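Structure first, commentary second.
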Amino acid sequence: DAKTTQPPSMDCAEGRAANLPCNHSTISGNEYVYWYRQIHSQGPQYIIHGLKNNETNEMASLIITEDRKSSTLILPHATLRDTAVYYCIVRSWGYQKVTFGTGTKLQVIP
Amino acid sequence: ETGVTQSPTHLIKTRGQQVTLRCSSQSGHNTVSWYQQALGQGPQFIFQYYREEENGRGNFPPRFSGLQFPNYSSELNVNALELDDSALYLCASSLWDQGNQPQHFGDGTRLSIL
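Quick note, the sequences are listed as chains A and B, same order. Note that the first sequence covers residues 1 to 110 in this note's numbering. Note that the second sequence covers residues 111 to 224 in this note's numbering.
Structure representation (structure tokens):
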């Protein structure tokens, strides 16, 4: 499975859109891009996933580039409760080769 | 819909002891994975269980073992505890898939080794 690269930290003003990038340049054709977030002292929370097309749900939007080598998670109107560590991973079958890495620590500022 | 639950929430053990951690899957899920998360790090995959059999393992020694039961709940057992085993242990459940089923995590068991 491919590995991912994320910036270690980002700030976002409350009410603004938070755009979190992820590079996965060695992604394979059958690998999905997943995003999770982890708020202090809780387990990771699933946000969204996609294969090729852009995806949107009630939490966020996922934009995947045409060559699939990178993606962006968009939180359209960040709130203080969105302050968390955000993980981007790629996977196909199973999780044994998945690397969560250290993620991006997003700080939403009032 | 009942989410993933783990017990206990906190545990303190000493070096050389053995520990068993428990996980109840989210209803409808048939696959369970266990992760170890050291302080300041992302979760590291330990192993996955499907149909009561280990279905994949990360870079963890054999003293880390597990079980999955017919109701899809699971246990993580660690023998001969070492100081470096101090971590948050996370359980995640999902449907068996080819990559398009998300995992849902419990809030973990915080294990401290003295």
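Every residue gets a Cβ at the ideal spot worked out from N, C-alpha and C, and that includes glycine. Treat the numbers as computed from the prediction; the structure is a model and nothing was measured.
Anticipated Cβ contact below 8 angstroms, residue i with residue j, distance rounded
i         : j         : result
A/Tyr-95  : B/Pro-212 : Not quite, the Cβ-Cβ distance comes to about 11 angstroms (not below 8 angstroms), so this is no contact.
B/Asn-187 : B/Ser-204 : Contact doesn't hold; Cβ gap of about 22 angstroms is too wide.
B/Arg-220 : B/Thr-115 : Their Cβ separation, rounded to whole angstroms, is 15 angstroms, which puts B/Arg-220 and B/Thr-115 out of contact at 8 angstroms.
A/Lys-69  : A/Asn-23  : 7 angstroms
Close Cβ partners of residue i (< 8 angstroms) along its chain, the five nearest in sequence each way excluded
i         : result
A/Ala-17  : Ile-74, Leu-75, Pro-76, His-77 and Ala-78
B/Ser-222 : His-120, Leu-121, Ile-122, Lys-123 and Ser-196
Cβ-based neighbour list, residue i, same chain, cut-off 6 angstroms, excluding 5 preceding and 5 following
i         : result
A/Glu-55  : Ile-48 and Leu-62
B/Tyr-182 : Ser-135 and Asn-140
B/Tyr-160 : Thr-141 and Trp-206
B/Leu-224 : Thr-124
A/Pro-44  : Tyr-36 and Gln-38
Chain-order list of residues whose beta-carbon lies under 7 angstroms from that of residue i (same chain, five-residue window excluded)
i         : result
A/Gly-103 : Gln-6, Val-85, Tyr-86 and Tyr-87
B/Gly-113 : Gln-136 and His-214
B/Asp-217 : Gln-116
A/Arg-91  : Asp-1, Glu-31, Tyr-32, Tyr-34 and Val-98
Residue from the options with nearest C-alpha to residue i
i         : options                                       : result
A/Glu-66  : A/Ile-27, A/Gly-43, A/Gln-38 and A/Ser-41     : A/Ile-27
A/Ile-89  : A/Glu-58, A/Leu-106, A/Ser-41 and A/Pro-21    : A/Pro-21
A/Ala-60  : A/Lys-52, A/Ser-70, A/Leu-51 and A/Asp-82     : A/Asp-82
B/Gln-146 : B/Pro-180, B/Ala-190, B/Phe-170 and B/Asn-189 : B/Phe-170
B/Gly-166 : B/Trp-144, B/Pro-153 and B/Leu-149            : B/Trp-144
A/Ile-109 : A/Thr-4, A/Pro-8, A/Cys-12 and A/Thr-72       : A/Cys-12
A/Leu-80  : A/Glu-14, A/Met-10 and A/Lys-3                : A/Glu-14
Every unbroken beta strand (DSSP E) within the region 184-216 of chain B, with a cutoff of 3 residues, ordered by chain: 184-188 and 197-204
Contiguous beta strand (DSSP E) assignments of at least 3 residues, all confined to the region 28-56 of chain A: 32-38 and 45-50
3 or more residues per run - each beta strand (DSSP E) lying fully within the region 78-106 of chain A: 84-91
Every unbroken beta strand (DSSP E) inside the region 137-178 of chain B [3 residues or more]: 141-147, 154-160, 163-167 and 174-178
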